[in-house]
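The structure appears right after this line, and notes come after that.
Residue numbers (this note's numbering): 466 to 674.
Shown next as structure tokens:
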């Protein structure tokens, strides 16, 4: 099953904007509608009509988290109705407060518990703290390694360019396919295990394929 992992943003009321994200590095992420959630560019580009899927939403149990989760539900519902997709089931994974290591280890374990054999994984690392984004990436990589026939199809990151104007209506968005960073990490790990003397050249050759 396709599973889309995302962190529900912490933005307070009135600060969660919607943008038309320009896809960089992966045409399948190009979406013609504005959205507040870059993970929906992956849903838009990879889900097929009639296909069952899940969105695993990491959400803080706060008023802001619950409100932004409702925004995700509304935007996803509209997207799926337009594309004639079966609306993904949203699985809420509660985030605890703080950036202590134990907190992120718990999040890591909760995410692993949501992944099954034969899953196709997608993740967004746009929102949340830096340690939380790292925990998400680690969970995706670990699930790929321990689950049978599980794959990582796309890691997305959305950025907003605010440099040209102070008016939020004029800000522009870009969504990047960062999947190669996961692949690079796997390559580096394997090269280190094999004691490769010149990893830079090996990496260059592999990435050139």
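Each residue gets a CB set at the ideal place from its N, CA and C atoms; glycine is no exception.
What you are looking at is a predicted structure, and each value in this text was computed from that prediction instead of being measured.
Within the same chain, show all residues whose beta-carbon is closer than 7 Å to that of residue i, passing over the 5 residues directly before and after it, in chain order.
i: residue 515; result: 551
i: residue 517; result: 466 and 551
i: residue 674; result: Low confidence applies here, because residue 674 scores a pLDDT of 48, under 50, leaving its location unreliable; read the following figure in that light. Nothing listed; no residue qualifies.
i: residue 560; result: 523, 524, 525 and 572
i: residue 627; result: 636
i: residue 532; result: 478
i: residue 603; result: 573
Could you please give me the residues that DSSP links to residue i through a beta bridge?
i: residue 560; result: 525
i: residue 620; result: 588
i: residue 502; result: Its beta-bridge partners do not exist; DSSP assigns none.
i: residue 609; result: Answer is none; residue 609 lacks a bridge partner.
i: residue 468; result: 519 and 586
i: residue 554; result: 519
i: residue 625; result: 638
i: residue 488; result: 640
Sorted by chain position, which residues of the same chain lie with C-beta nearer than 6 Å to residue i's C-beta, five sequence neighbours on each side aside?
i: residue 640; result: 486, 488, 494, 503, 506, 621 and 623
i: residue 575; result: 558
i: residue 613; result: 582
So residue i packs on residue j, CB below 8 Å; how close in whole Å?
i: residue 615; j: residue 582; result: 6 Å
i: residue 570; j: residue 541; result: Going by Cβ atoms, the distance from residue 570 to residue 541 rounds to 29 Å, so no, they are not a contact pair.
i: residue 519; j: residue 556; result: 5 Å
i: residue 691; j: residue 479; result: The requested residue 691 does not occur in the structure, where the chain is confined to residues 466 to 674.
i: residue 470; j: residue 601; result: 6 Å
Apart from the five residues just before and just after residue i, which ones in its own chain have a Cβ nearer than 8 Å to its Cβ?
i: residue 548; result: 509, 512 and 514
i: residue 598; result: 472 and 590
i: residue 651; result: 606
i: residue 657; result: 664
Does the distance from the C-beta atom of residue i to that of residue j stay below 8 Å?
i: residue 468; j: residue 558; result: no
i: residue 498; j: residue 544; result: yes
i: residue 676; j: residue 625; result: The requested residue 676 does not occur in the structure, where the chain is confined to residues 466 to 674.
i: residue 530; j: residue 475; result: yes
i: residue 484; j: residue 593; result: no
i: residue 491; j: residue 642; result: yes
task: Taking only runs that begin and end inside the segment 630-672, name each unbroken beta strand (DSSP E) of 3 or more residues, in chain order.
output: With a minimum length of 3 residues, the continuous beta strand (DSSP E) runs that stay inside the segment 630-672 are 637-642.
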